[in-house]
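Mapped onto mature numbering (1 follows the signal peptide of the UniProt record, and there is no 0), the consecutive letters of the sequence shown carry residue numbers -26 to -1, 1 to 487.
Even for Gly, the Cβ is constructed at its ideal location relative to N, Cα and C.
Everything below concerns the one structure shown next.
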Amino acid sequence: MSKQITKKIVLVLTVALMLTSLVGCGGGNETDVTQKDELIVATAYDAKSLDPHAVNEVAASNVMVQIYNSLLALDDNGELVPSLAESYEQVDDVTYKFTIKKGVKFHNGEEMTIDDVVFSLQRAATSPAVANLFGDIDVDSFEIIDDATFSFKLKNPNTGFLYNLMHPGASVLCQKAVEEAGDNYAMNPVGTGPFKFVDWKKGDRIELERFEDYWGEKPAFKKMVIRAIPEATNRTIELESGGVDVAYEISANDIERIEENEDLQLTRLVDNQTQYLGFNNKKEPFNDVRVRQAIRYALDIPSIVETAWKGVGSVAIGPMSPNINYYNSNIKQYEYNVEKAKELLAEAGYGNGFKTKLWTNEKQERIDMATIIQSQLKEVGIEVEVEILEWGSYLEKLANGEQEMFIIGWTGQSSDPDLALYGPLSKETLGAGANFSFFENDRVNELLLQGRRMKDSPEREAIYYEIQEIHAEETPWIPLCHGEAIIGSQKYVKNLKLTPFGFHPLYRITFGE
């Protein structure tokens, strides 16, 4: 055999061995998922802020629960359990006493103290964005009993208040970090949670890193990247290609596609959200109840929901989810009736219709609903211009009252009706506090306050039944559908725990075959 041929054979064998080695290495990395040290999550929206007291929206909350802890948490059975609290008791109708865990560290190395906890609760109590949760706290009532124990009072009894203390808005902040960062704190959050903040590329991604001094059980992976991918199809493509491990808000169009992929899985949970068509009740013509009722009659809501959501979730008849206590299924119903709609518009002085704008964000199902609503309202002479806004800008404009009509959702963050109804209906929460319809009704406000101050009883049930009945009559906004969390993930993603509140403990995820 010639030297030239021998050299060629050696070269071929060498290359083959190299390729075999590379393939072997690649295959080992791909299959040994238990060694994976990064979780990449695709969400529909970027967070607006990472300051727990500056916002009350799902995109931000889902990041904040990875960074912060609150005094209380919910276990897998939905029961309240201590988190940063070591123990707690309700002393009387308005007084609460807490003992906090010792040795808990913030991400900046500072040890959590009573002063940090009191500072956080007082700050929450005076923040408009979470006023529906913490506005009842008497900020002057805090008493520090010793270095681990404190008490405080509410201005009035609040039956569901302890559940508020598991909300991201009740996160414990490092007072020193907040004061040093000033107005920049939202971009430099410091918590006690399992992951610490690393970087935020606005509109693109938030990067988190495992906190090695975390007081609780450490996550199985070192890094979490939360990517904002507004287009549902692109989230699915990223999931299919392996670009992300978990993808939120899978479109109804993509459910079957993921179910048929042997490398992927779907996790679904009926949540506490109600999607609705809102009106700015302060602006003409929506300050006239006849116009609002006319629009309700003009809409074939079952067909809107079925076309846009394709069987996901359920048609809403009232302002809160059937998951919530004291849900009233016997309220006034509006059957699709174009002639009745025209009659009411004529009575209100809009027999020839009017022009208006309908806002929504980038969520495809909301865009689809807006388009169908636009078409159906044209039948009664209402010309609708649909505008699609970026999530952060959308929330800001809604809080400022710039809207005419809009589509958004509200999630009750426990099974208590107070958290489902107070935010979007109380005159104390206009704008930034979640009452984006700027609806003010003295009777509703009176009932909301009575309801949150009363213990569970037939009398409390009657209060929330009446609120739902008034809502149906006044129609400050039109319930469209109740939501369902649909999350796609790689088959190797284990222990993905969903909650009906919209924010989930992603730090509990593990990887396995």
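Determine contact between the region 454 to 466 and the region 276 to 290, defined as no fewer than three beta-carbon pairs at a distance below 8 Å.
-> Because the criterion of three Cβ pairs below 8 Å is met, the region 454 to 466 and the region 276 to 290 touch.
Cα-Cα separation, Glu186 to Val199 = Numbered from 1 along the sequence shown, position 212 holds the residue referred to as residue 186. Numbered from 1 along the sequence shown, position 225 holds the residue referred to as residue 199. The C-alpha of Val199 is placed about 17 Å away from the C-alpha of Glu186.
Take Trp451 and list the residues in its own chain whose beta-carbon comes closer than 7 Å to its own, dropping the five residues that flank it on each side.
-> Residue mapping note: residue 451 aligns to position 477 of the sequence shown, counting from 1. The answer, listed in chain order, is Tyr250, Leu251, Gly252, Phe253, Ser411.
Contact between the region 15 to 33 and the region 202 to 210 (3+ Cβ pairs under 8 Å) | yes
Can you check the region 360 to 397 for any alpha helix (DSSP H) of at least 4 residues that lies completely inside it and give the ranges in chain order?
-> 365 to 374
What first and last residue would you give for the alpha helix (DSSP H) that runs through Gln338?
-> Within the sequence shown, numbered from 1, the residue matching residue 338 stands at position 364. Element bounds for Gln338: 338 to 352.
Go through the region 294 to 334 residue by residue and report every complete run of the beta strand (DSSP E) that reaches 3 residues or more, in order.
-> 328 to 334
Other residues of its chain near Ala155: CB distance less than 6 Å, five sequence neighbours each side excluded = In the sequence shown, counting from the first residue as 1, residue 155 sits at position 181. Once the five neighbours on either side are set aside, the close Cβ partners of Ala155 are Asn162.
Evaluate the contact criterion for the region 301 to 312 versus the region 264 to 272: three or more CB pairs, one atom per stretch, below 8 Å.
-> Touching, yes, given that three or more Cβ pairs across the two stretches are closer than 8 Å.
For Asn43, collect the residues of the same chain with a Cβ closer than 6 Å to its Cβ; drop the 5 residues on either side in sequence, then sort them by chain order.
-> As a first step, residue 43 must be located in the sequence shown, where it is residue number 69. So the qualifying residues of the chain are Ser57, Leu58, Thr166, Gly167.
Does DSSP put Trp451 in a helix, in a strand, or in coil?
-> Locating residue 451 in the sequence shown gives position 477, where the first residue counts as 1. In this structure, Trp451 counts as strand in the three-state DSSP scheme.
Would you kindly check if the distance between the Cβ of Val220 and the Cβ of Ala34 is under 8 Å?
-> The residue given as residue 34 occupies position 60 in the sequence shown. The residue given as residue 220 occupies position 246 in the sequence shown. One thing to note: Ala34 has its Cβ no nearer than 8 Å to the Cβ of Val220.
From Thr87, Tyr438, Gly325, pick the residue whose C-alpha is nearest to that of Pro391; which is it?
-> Working through the sequence shown from its first residue, we reach residue 391 at position 417. Nearest to Pro391 by C-alpha distance, out of Thr87, Tyr438, Gly325, is Tyr438.
DSSP state of Ser(-6) mapped onto helix, strand, coil | One-based indexing of the sequence shown puts residue -6 at position 21. Bear in mind that the predicted position of Ser(-6) carries a pLDDT of just 38, short of 50, making it too unreliable to give a figure here.
With respect to the alpha helix (DSSP H) encompassing Ala272, which residues constitute its N-terminal and C-terminal limits?
-> For this step, residue 272 is matched to residue 298 along the sequence shown. Segment 263 to 272, the alpha helix (DSSP H) holding Ala272.
Which residue from Gln424, Ile305, Gln9, Gly425 puts its Cα closest to that of Gln442?
-> Within the sequence shown, residue 442 is the residue found at index 468, counting from 1. Taking only the C-alpha atoms, the option nearest Gln442 is Ile305.
Would you mind reading off the limits of the alpha helix (DSSP H) that contains Glu230?
-> Your numbering for residue 230 matches position 256 in the sequence shown. Unbroken alpha helix (DSSP H) run through Glu230: 229 to 233.
In its own chain, which residues sit with a C-beta less than 6 Å from the C-beta of Asp67, not counting the 5 before and 5 after it?
-> Locating residue 67 in the sequence shown gives position 93, where the first residue counts as 1. Same-chain partners within the cutoff: Pro131.
Could you give the C-beta distance for Leu147 and Phe126, rounded to a whole number, given that I count them as a contact under 8 Å?
-> Walking along the sequence shown from the start, residue 147 turns up at place 173. Walking along the sequence shown from the start, residue 126 turns up at place 152. Wrong, their Cβ atoms sit about 17 Å apart, outside the cutoff.
What residues in its chain sit with their C-beta under 7 Å from that of Lys150, if we drop five residues either side in the sequence?
-> What you label residue 150 is simply residue 176 of the sequence shown in a count that begins at 1. Cβ within range, chain order: Glu84.
In its own chain, which residues sit with a C-beta less than 6 Å from the C-beta of Val65, not counting the 5 before and 5 after it?
-> Translated into the one-based positions of the sequence shown, residue 65 becomes position 91. Result list for Val65: Lys71, in chain order.
Nearest to Lys79 by CA position, among Ile356, Ser115, Ile41, Val104, is which residue?
-> Sequence index remark: in the sequence shown, residue 79 carries index 105 (1-based). If we check each option's Cα against that of Lys79, Ile41 comes out closest.
8 Å contact criterion, which Pro142 and Pro26 should meet: CB distance rounded = Mapped onto the sequence shown, residue 142 falls at position 168. Mapped onto the sequence shown, residue 26 falls at position 52. Yes, Pro142 and Pro26 are in contact; Cβ-Cβ is about 5 Å, under 8 Å.
What's the C-alpha gap between Leu139 and Ala47?
-> What you label residue 139 is simply residue 165 of the sequence shown in a count that begins at 1. What you label residue 47 is simply residue 73 of the sequence shown in a count that begins at 1. If you take the alpha carbons of Leu139 and Ala47, they lie about 8 Å apart.
Between Ile460 and Ile229, which are expected to be in contact by the criterion C-beta below 8 Å, what is the C-beta distance as a whole number of angstroms?
-> Within the sequence shown, numbered from 1, the residue matching residue 460 stands at position 486. Within the sequence shown, numbered from 1, the residue matching residue 229 stands at position 255. Confirmed, about 7 Å.
Report yes if the CB atom of Ser303 is closer than 8 Å to the CB atom of Ala394, and no otherwise.
-> Within the sequence shown, residue 303 is the residue found at index 329, counting from 1. Within the sequence shown, residue 394 is the residue found at index 420, counting from 1. Contact: no.
So the alpha helix (DSSP H) Leu95 belongs to, where does it begin and stop?
-> Locating residue 95 in the sequence shown gives position 121, where the first residue counts as 1. Where Leu95 is concerned, the enclosing alpha helix (DSSP H) stretches over 88 to 99.
Cβ-based neighbour list, Glu435, same chain, cut-off 6 Å, excluding 5 preceding and 5 following = The count along the sequence shown starts at 1 and reaches residue 435 at position 461. The residues are Tyr300.
In its own chain, which residues sit with a C-beta less than 6 Å from the C-beta of Leu422, not counting the 5 before and 5 after it?
-> Stepping through the sequence shown from its first residue, residue 422 is reached at position 448. So the list reads Tyr396, Ser400, once near-sequence residues are dropped.
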